[in-house]
Amino acid sequence: MFRRILVAYDGSEGSRVALTRAIELAQGLDAELVSISVEEHLPYYAASISEVKATKEEIDEHFRALTKQARDLAGLSDVSMETLVQQGHEVERIVGAAKEGRFDLLVIGYHGHSAIFERAMGSTAQSIVRHAPCPVLVAK
């Protein structure tokens, strides 16, 4: 049924729940598992070149740690997992990856890092569910 599973992972509590569920499903179904983390664009305000480089290095280190954390968790269950880091708008990148990779299932967390943003601007999870090309499991 589900042969290719994509899980959105940003290190938040909600995404950790999603990752755990995705690992369980991949293990039980002998499915391929891929995680995606989305890097928002660097700030648009004026900054010196050294500030931009320092910020970029911090962001890169953050995403290296995230992908290692995700792979390590999958490895505890003997599940191999590919990790993707893409830059851009979270919903667009996750939905785009699901389409391009022809995934059978997308697993996301109910809450990410920005609960205030979700209340003010509309839920990221709802937007992903609305636009996804495949079934979506929203883990709580």
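Sequential numbering from 386 applies to the sequence shown in my numbering. Each residue gets a CB set at the ideal place from its N, CA and C atoms; glycine is no exception.
Check, Outcome
"Local Cβ density within 10 Å of G473, reported as buried at 16 or more and exposed below that", "exposed"
"Same chain, Cβ closer than 8 Å to R487, five either side skipped, listed in chain order", "R389"
"Top-ranked residue by Cα proximity to E425, from F387, D445 and L404", "D445"
"Cβ-Cβ distance between S465 and I408 below 7 Å", "no"
"Rounded straight-line distance, which links the Cα of S433 to that of D442", "Looking at the sequence provided, one finds Glu at residue 442 rather than Asp. So the two alpha carbons sit approximately 14 Å from each other."
"Reduced DSSP secondary structure (H/G/I, E/B, other) of P419", "Note on residue identity: the sequence assigns Val, not Pro, to residue 419. Reduced to three states, the DSSP call for V419 is strand."
"Terminal residues of the beta strand (DSSP E) in which R389 lies", "R389 to A393"
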